[in-house]
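The structure appears right after this line, and notes come after that.
Protein chains: 2
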Amino acid sequence: MIEKIVILGAGNLATQLSLALYEKGLEIVQIYSRTMESASELACKVNAEASNSLQNIKANADLYILAVSDKAMQPVLERISFPMAKLVHTAGSIPVDVFKNYTDTYGVFYPLQTFSKTRKVDFSNIPICIEANKDEFANDLFELGSKISSNLHAISSDQRKQLHLAAVFTCNFANHMYSIGQELLAEKNVDFNLLQPLIKETAEKLTELDPKSAQTGPAVRFDEEIMNSHEKALKDSPDFQKLYRFVSESIYKMHSSKN
Amino acid sequence: MIEKIVILGAGNLATQLSLALYEKGLEIVQIYSRTMESASELACKVNAEASNSLQNIKANADLYILAVSDKAMQPVLERISFPMAKLVHTAGSIPVDVFKNYTDTYGVFYPLQTFSKTRKVDFSNIPICIEANKDEFANDLFELGSKISSNLHAISSDQRKQLHLAAVFTCNFANHMYSIGQELLAEKNVDFNLLQPLIKETAEKLTELDPKSAQTGPAVRFDEEIMNSHEKALKDSPDFQKLYRFVSESIYKMHSSKN
Chain S
-7 MIEKIVILGA
3 GNLATQLSLA
13 LYEKGLEIVQ
23 IYSRTMESAS
33 ELACKVNAEA
43 SNSLQNIKAN
53 ADLYILAVSD
63 KAMQPVLERI
73 SFPMAKLVHT
83 AGSIPVDVFK
93 NYTDTYGVFY
103 PLQTFSKTRK
113 VDFSNIPICI
123 EANKDEFAND
133 LFELGSKISS
143 NLHAISSDQR
153 KQLHLAAVFT
163 CNFANHMYSI
173 GQELLAEKNV
183 DFNLLQPLIK
193 ETAEKLTELD
203 PKSAQTGPAV
213 RFDEEIMNSH
223 EKALKDSPDF
233 QKLYRFVSES
243 IYKMHSSKN
Chain U
-7 MIEKIVILGA
3 GNLATQLSLA
13 LYEKGLEIVQ
23 IYSRTMESAS
33 ELACKVNAEA
43 SNSLQNIKAN
53 ADLYILAVSD
63 KAMQPVLERI
73 SFPMAKLVHT
83 AGSIPVDVFK
93 NYTDTYGVFY
103 PLQTFSKTRK
113 VDFSNIPICI
123 EANKDEFAND
133 LFELGSKISS
143 NLHAISSDQR
153 KQLHLAAVFT
163 CNFANHMYSI
173 GQELLAEKNV
183 DFNLLQPLIK
193 ETAEKLTELD
203 PKSAQTGPAV
213 RFDEEIMNSH
223 EKALKDSPDF
233 QKLYRFVSES
243 IYKMHSSKN
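If you're matching them up, the sequences are chains S and U in order.
Counting along the first sequence from 1, when you hit position 40 you're at 32 in our numbering, and nothing is skipped either side.
Counting along the second sequence from 1, when you hit position 221 you're at 213 in our numbering, and nothing is skipped either side.
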């Protein structure tokens, strides 16, 4: 059973995951971050010790959660010096066997969500993708996960990588479309809030319709007149113009070839 | 005061707008559509007469709402034969003066939302963008709008066109990103529902953070390793691969140049 946890990392995901675990009664014994400032900032919220030295990581925790950036993972692993530790990472695109030369019991605990430091999220419905090299440890991770979410899934490294890629499209790229919308409205002094109900409904529609059936707008009905006039309106933003054309073509292709 | 309304069109928007007006006690006297089938399908839901002939449009309504496709608007206008009619259209990208050779009193009544025939929408928070060639008629349209929504805005043709363009990015293009996510998951037999909380949170985040501050993921932190591995994973979908690279670059550019 997992009770005492060390969190390595103090970024967006580390912050929100630590808070969620702490609020459900888990003991966060230590927060490690490269800078003492960010370690302390998070540690004080979850009643943990802060550390900026991998040499000082406590050896007696039940679980070590590596929530560092993908680039930092290997260097951090090389400097953790207790081979009996149970390790998981929280990364979408890193295979579980990244741990295999470092410890005997390891896994992945990947909450599929977009996290910002300042926005509190409700973990209860966040899918947590779990993978482990041993069944017993997988059970421990499911038990831990069930304390913060009711949406747990056994997901292989290969599936998780695809989920991460799909998440980049559906979250980061969709959000970039919101950013472009905001820039366009600012040019004409129109309040971005006018788009909020549309953005919300576009996301909520998916509970009833799959995204292909839900598609609307000039590209899916191949309304060339509107598309040309939109492209013309974007003449001073060549990047947005190119993107407009490219995504419109992609929509048209998807809908004309496969439906 | 507007009480009796003729709706020209029976598509997604015409359907949802007719239902909303009807439910608030407005009298929908007639639904016109090119085919009797779609005119009747909507007409019977709002207790109206159906017609597929522009010659048979009733002349005594207080308002004629042209909710036809942009392409159909001009041909329909040319065949409406009563010059005293008060006309509005519901289109994002068509200027209000499209009506100026056809009637004296005209305007725009543009509900900024994505509509599907089968998904019922709550109009009460949908922004309705109103424009008219006469103040008195603008007032009538605001009064009508207030019966179905509390989110009314005076928006010029120029601003409305930009809103429509921004809506294509934030709705149609974002939705296309969802479609791509769904295709990617299907390849690995992963349930699309795993992405639903992420998609919802990405949209809801905007009530607290502007989209640029909310951005996360490999592109904004320029994590080349992940981006390369994602591009490699897309090698069998050259269109998605190109889109991945292009949108990632656009994210990186927006965030490196302007923040």
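We treat Cβ as the ideally placed atom computed from N, Cα and C, and that holds for glycine.
The structure displayed is predicted, hence computed values, not measured ones.
Problem - G17 of chain S (DSSP reduced to helix, strand or coil) - result: coil
Handout entry: Start-to-end residues for the alpha helix (DSSP H) that takes in S108 of chain S
Key = Segment: none, S108 of chain S is in no alpha helix (DSSP H) and carries neither H nor E.
Exercise for the section: For chain S, find out if any of its Cβ atoms is closer than 9 Å to the Cβ of F91 of chain U; answer yes or no. Expected result: no
Problem - Presumed contact (8 Å Cβ cut-off) between V80 of chain U and V100 of chain U, rounded CB distance - result: 6 Å
Problem - Helix, strand or coil at E241 of chain S according to DSSP, with G and I counted as helix - result: Here E241 of chain S sits in helix by DSSP.
Exercise for the section: Can you have a look at T194 of chain U and say buried or exposed, based on whether 16 or more other CB atoms are within 10 angstroms of its CB? Expected result: buried
Handout entry: Proximal residues of chain U, C-beta to C-beta of T162 of chain S below 7 Å
Key = M169, Y170, G173, L187, L190 and I191
Practice task
Would you mind listing the beta strand (DSSP E) stretches within the stretch 45 to 99 of chain U that are 3+ residues and don't spill past its ends, in chain order?
Solution key: Counting whole runs of 3 or more residues, the stretch 45 to 99 of chain U contains the beta strand (DSSP E) stretches 55 to 58 and 78 to 81.
Exercise for the section: Tell me L144 of chain U's beta-bridge partners as DSSP assigns them. Expected result: U:I120
Handout entry: Bounding residues of the alpha helix (DSSP H) (the contiguous stretch that carries K227 of chain S)
Key = Neither: K227 of chain S is in no alpha helix (DSSP H) and is coded neither H nor E.
Exercise for the section: Using alpha carbons as the reference points, say which of S:D62, S:V113, S:K63 and S:A31 lies closest to I49 of chain S. Expected result: When only C-alpha atoms are compared, the closest one is S:A31.
Problem - Listed by chain order, chain U residues near H81 of chain S by CB distance under 8 Å - result: Ordered by position in chain U, no residue passes the 8 Å Cβ test against H81 of chain S, which lies about 14 Å from the chain.
Handout entry: Neighbouring residues, chain S, relative to D252 of chain U (Cβ below 9 Å)
Key = Outside the shown range of chain U, which is -7 to 251, sits residue 252 of chain U, and nothing can be said about it.
Exercise for the section: Identify the continuous beta strand (DSSP E) that holds I256 of chain S and give its terminal residues. Expected result: The question about residue 256 of chain S has no answer, for chain S in this structure spans -7 to 251.
Problem - Rounded separation between L187 of chain S and G84 of chain U - CA only - result: Near 13 Å, if we compare the C-alpha coordinates of G84 of chain U and L187 of chain S.
Practice task
Please state if the CB of F129 of chain U and the CB of K78 of chain U are separated by a distance shorter than 9 Å.
Solution key: yes
Handout entry: Beta-carbon spacing of F107 of chain S, T208 of chain U below 9 Å
Key = yes
Problem - Nearest candidate by alpha-carbon position, reference G137 of chain S, set S:D150, S:H156 and S:Y102 - result: That would be S:Y102, whose Cα lies nearest to the Cα of G137 of chain S.
Problem - Own chain, CB closer than 6 Å to K153 of chain S, minus 5 neighbours either side, in chain order - result: S85
Practice task
Could you tell me whether the Cβ of G209 of chain S comes closer than 9 Å to any Cβ of chain U?
Solution key: Chain U, which has a Cβ nearer than 9 Å to the Cβ of G209 of chain S, makes this yes.
Exercise for the section: Taking 9 Å as the cut-off, decide whether the C-beta atoms of E258 of chain U and M(-7) of chain U are in contact. Expected result: The requested residue 258 of chain U is not part of the displayed model; chain U covers only -7 to 251.
Problem - Outcome for M76 of chain S when other beta-carbon atoms lying within 10 angstroms are tallied against a minimum of 16 - result: exposed
Handout entry: Limits of the beta strand (DSSP E) - the one that L0 of chain S falls within
Key = Following the DSSP letters along the chain, one finds L0 of chain S inside the beta strand (DSSP E) bounded by residues K(-4) to L0.
Handout entry: Chain-ordered neighbours of I118 of chain S on chain U, where CB pairs are closer than 9 Å
Key = One finds P189, L190 and E193 in chain U with Cβ atoms closer than 9 Å to the Cβ of I118 of chain S, taken in chain order.
Problem - Beta-carbon spacing of F238 of chain U, F238 of chain S below 9 Å - result: yes
Handout entry: Coil, strand or helix - Q22 of chain U by DSSP
Key = strand
Handout entry: Neighbour flag for Q104 of chain S against chain U, beta carbons, 9 Å
Key = In the sequence as displayed, the identity of residue 104 of chain S is Leu instead of Gln. Yes - at least one Cβ of chain U is within 9 Å of the one on L104 of chain S.
Practice task
Could you check how far apart the C-beta atoms of C163 of chain S and H145 of chain S are, in whole angstroms? I think they sit under 8 Å.
Solution key: Wrong, their Cβ atoms sit about 17 Å apart, outside the cutoff.
Exercise for the section: Could you pull out every residue in the same chain whose Cβ sits closer than 8 Å to the Cβ of H222 of chain S, ignoring the five residues on either side in sequence? Expected result: P210 and Y236
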